[in-house]
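S.K.:
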Amino acid sequence: MIAVIDYGIGNLRSAYKALIAVGANARLIDDPSDLKDPAGVVIPGVGAFGAAVNAFRSRGFESKVRGLIESGTPTLGICVGMQMLYEGSSESEDSAGLGLLEGKVEMLSGSVRLPQMQWNRLNIARFGGSALFEDVPEESWVYFVHSYAAPVGADTTASCDYGGEFSAAVGRANLYGVQFHPEKSSMVGLKILSNFSKVCGSTAVPNGGLLWR
Amino acid sequence: MEVVRIIPCLDVANGRVVKGVNFEGLRDAGDPVELAKYYDRQGADEIVFLDITASHEGRETMVELVSKCADEVFIPLTVGGGVTSVEAARALLRAGADKVSLNTAAILNPNLIGEMMKEFGSQCVVVAIDAKKDLDGNFFVYTHGGRNKTELNAFSWAEEVVSRGAGEILVTSMDRDGTKEGFDLLLTRGIADRVNVPVIASGGVGSTEDFLIGALESKATGLLAASVFHYGEISVGEVKRALVANGVATRFDH
Chain U
1 MIAVIDYGIG NLRSAYKALI AVGANARLID DPSDLKDPAG VVIPGVGAFG
51 AAVNAFRSRG FESKVRGLIE SGTPTLGICV GMQMLYEGSS ESEDSAGLGL
101 LEGKVEMLSG SVRLPQMQWN RLNIARFGGS ALFEDVPEES WVYFVHSYAA
151 PVGADTTASC DYGGEFSAAV GRANLYGVQF HPEKSSMVGL KILSNFSKVC
201 GSTAVPNGGL LWR
Chain E
1001 MEVVRIIPCL DVANGRVVKG VNFEGLRDAG DPVELAKYYD RQGADEIVFL
1051 DITASHEGRE TMVELVSKCA DEVFIPLTVG GGVTSVEAAR ALLRAGADKV
1101 SLNTAAILNP NLIGEMMKEF GSQCVVVAID AKKDLDGNFF VYTHGGRNKT
1151 ELNAFSWAEE VVSRGAGEIL VTSMDRDGTK EGFDLLLTRG IADRVNVPVI
1201 ASGGVGSTED FLIGALESKA TGLLAASVFH YGEISVGEVK RALVANGVAT
1251 RFDH
């Protein structure tokens, strides 16, 4: 079972439904005590960094999810769910991140409209490959909605350019993060979720349970 | 890199698409979910559902419809029309909408913009502005689907809604709507020059050329259309091909 953490903010249903569509055995989990040995964990997230990380903590998910990550459970943070993996964000200086990845999330710069609310291309090849991007072509289009992002660093597995280059995806061992919304990125996004599901070993139906095409 | 989005808009009443739609190969051309899937396959970047239902029951149908759409269509979905409270917005977002668009409600109760921004983040809050030029060349905002004129200048209103927390503006030219004369570049550029959030242009598109001019000259990064897509006069793919051929950045894989 892949646990999609429901900590009370935003549109979590899309991430859950997209996992179902690729054949994963996904479940929305709103109570940390229901996190019993999941095959994988997905941390979705929208809105402000502080509101998200505070809600995640106040619902009691932090120690449980941290424990799962440390014991090797594949975990995927999406958008603010990825940003939360860092030490903090200049969006919400008062709220510490989970600190599982080093560094800080910063506001996008350059003469571009904010938020970045559009499809954009992924640079994957020069980062040496990630299980998430298996069979995902270089320069694939995915959908972003954000004003803040992590800089490119040692954990970057894909980058994107919007007023400057930033980390579009990160990975370290069993920990994954994507700044874009795979659940809103049509076939490419579903492929990435399917790859994550494969990492979790929980794909129930070969070739997914795609409802369309 | 700023990338242009092509956005089909569906008018929905009581869970059904109301404007004439004529596609081959659709089992049910009045089903918004079928149409959203169809546009997704064509390469549409987002979908807008505009709820023109008058009744309360119809609005509940909209939540069910959004939920059904989110089960099967994996591109961003904006829902507008008749949302007057944070709770109504929450129901749509929880059902699977990515953004909620406010129009008349934002004018009657401007605090709603900030309340929604605090609750869901500005990326969820779209303000739609219906504008029409008066004889002196000033653009005024209209409410109630364009029936009632307000004293609000469209440019100042755009600045105000962004300062209140809107993350995107959808600007419709009532002068151009349905004319096929192309987007109103003065109106759209006037707004896009005054705000730093993404702007979607709407109203007046009749040809792929109109989309191209919109992409090159309006400063909008989203281009919305309804009837030219619904009547099959132009496909999303044709628009994208024309944009790419002229050096405009847009998602195009086929």
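Those protein sequence lines, which keep their order, are chains U and E.
Residue 3 in our numbering is what sits at position 3 of the first sequence, and the numbering runs on without skipping anything.
Each number in our numbering corresponds to the 1-based position in the second sequence with 1000 added.
Backbone N, C-alpha and C fix where the C-beta goes; we use that ideal spot for every residue, glycine too.
1) Looking at Phe180 of chain U and Thr157 of chain U, is the spacing between their C-beta atoms short of 8 angstroms?
2) Can you tell which of E:Ser1101, E:Ala1166, E:Thr1188 has the C-alpha that lies nearest to the C-alpha of Asn1138 of chain E?
3) Count the other CB atoms, across all protein chains shown, that sit within 10 Å of the CB of Ser185 of chain U; report buried if there are 16 or more and exposed otherwise.
4) Which residues mark the beginning and the end of the alpha helix (DSSP H) in which Ser1163 of chain E is found?
5) What residues of chain U sit near Thr1078 of chain E, judged by a beta carbon separation below 7 angstroms?
6) At what residues does the alpha helix (DSSP H) containing Val199 of chain U begin and finish?
7) What ranges does the beta strand (DSSP E) occupy inside the segment 79-128 of chain U, keeping only unbroken runs of at least 3 residues that lie completely in it?
8) Give the single residue among U:Cys79, U:Arg121, U:Leu101 whose Cα lies nearest to the Cα of Gly164 of chain U.
9) Quick one: residues in its chain with C-beta nearer than 7 angstroms to the C-beta of Pro115 of chain U, no 5 flanking neighbours on either side, listed in chain order?
10) Using 8 angstroms for Cβ pairs, my map puts Val1141 of chain E next to Ala1166 of chain E. What's the rounded Cβ distance?
11) Here's the rule: buried if 16 or more other CB atoms are within 10 angstroms of the residue's CB, otherwise exposed. What is Arg213 of chain U?
12) Tell me which residues share the same chain as Gly1190 of chain E and place their Cβ nearer than 6 angstroms to its Cβ, disregarding the 5 neighbours each side in the sequence.
13) What are the partner residues of Asp1130 of chain E, as DSSP defines its beta bridges?
14) Going by beta carbon distance, what residues of the same chain come within less than 8 angstroms of Gly943 of chain E, once the five residues before and after it are set aside?
15) Checking contacts by CB at 8 angstroms: is Tyr143 of chain U closer than that to chain E?
16) Report the three-state DSSP secondary structure of Leu1186 of chain E (helix, strand or coil).
17) Sort out for me which residues DSSP pairs Ala1013 of chain E with in a bridge.
18) Between Val1018 of chain E and Val105 of chain U, what straight-line distance do the alpha-carbon atoms span, to the nearest angstrom?
19) With 8 angstroms as the threshold, decide whether the Cβ of Asn120 of chain U is near any Cβ in chain E.
20) By the 10 Å Cβ neighbour count, where 16 or more other Cβ atoms means buried, how is Arg113 of chain U classified, buried or exposed?
21) Give every residue of the same chain whose Cβ lies closer than 7 angstroms to the Cβ of Asn207 of chain U, excluding the five residues on either side of it in the sequence, and list them in chain order.
22) Just checking my contact of Leu193 of chain U with Leu19 of chain U at CB under 8 angstroms: how many whole Å lie between their CB atoms?
23) Could you give the distance in angstroms between the alpha-carbon of Ile1234 of chain E and the alpha-carbon of Ser1207 of chain E?
24) In this structure, does DSSP put Arg1147 of chain E in helix, strand or coil?
25) Please work out which residues of its chain come closer than 7 angstroms, Cβ to Cβ, to Asn11 of chain U, disregarding the five sequence neighbours upstream and downstream, and give them in chain order.
26) Identify whether Leu19 of chain U lies in helix, strand or coil by the three-state DSSP scheme.
27) Tyr282 of chain U CB to nearest chain E CB: under 8 angstroms?
28) Could you tell me the boundaries of the beta strand (DSSP E) in which Phe1049 of chain E lies?
M.R.: Judging by the given coordinates:
1) no
2) E:Thr1188
3) Counting every other CB atom within 10 Å of its CB across the protein chains shown gives Ser185 of chain U a total of 16 or more, marking it as buried.
4) 1154-1164
5) Here the premise fails: no neighbours, minimum Cβ distance about 10 angstroms.
6) Counted as a single uninterrupted DSSP element, the alpha helix (DSSP H) harbouring Val199 of chain U occupies residues 186-200.
7) 104-107, 116-121
8) U:Arg121
9) Around Pro115 of chain U: Val145, His146, Ser147.
10) 14 angstroms between Cβ atoms; not a contact.
11) Low local confidence applies: a pLDDT of 34 at Arg213 of chain U is under 50, so the model's placement there is unreliable, with the coordinate-based value given in what follows. Exposed, because fewer than 16 other Cβ atoms sit within 10 Å of the Cβ of Arg213 of chain U.
12) Phe1155
13) E:Tyr1142, E:Thr1172
14) No answer is possible for residue 943 of chain E: it lies beyond the span of chain E, which begins at 1001 and ends at 1254.
15) yes
16) helix
17) E:Arg1016
18) 45 angstroms
19) yes
20) buried
21) The predicted position of Asn207 of chain U is uncertain, since its pLDDT is 44 and thus under 50; no value can be drawn from it.
22) Between Leu19 of chain U and Leu193 of chain U the Cβ distance is about 6 angstroms, and since that is below 8 angstroms, they are a contact.
23) 7 angstroms
24) coil
25) Val46
26) DSSP places Leu19 of chain U in the helix class (H, G or I) of the three-state scheme.
27) Chain U is shown only over 1 to 213; residue 282 of chain U falls outside these bounds and no answer can be derived.
28) 1047-1051
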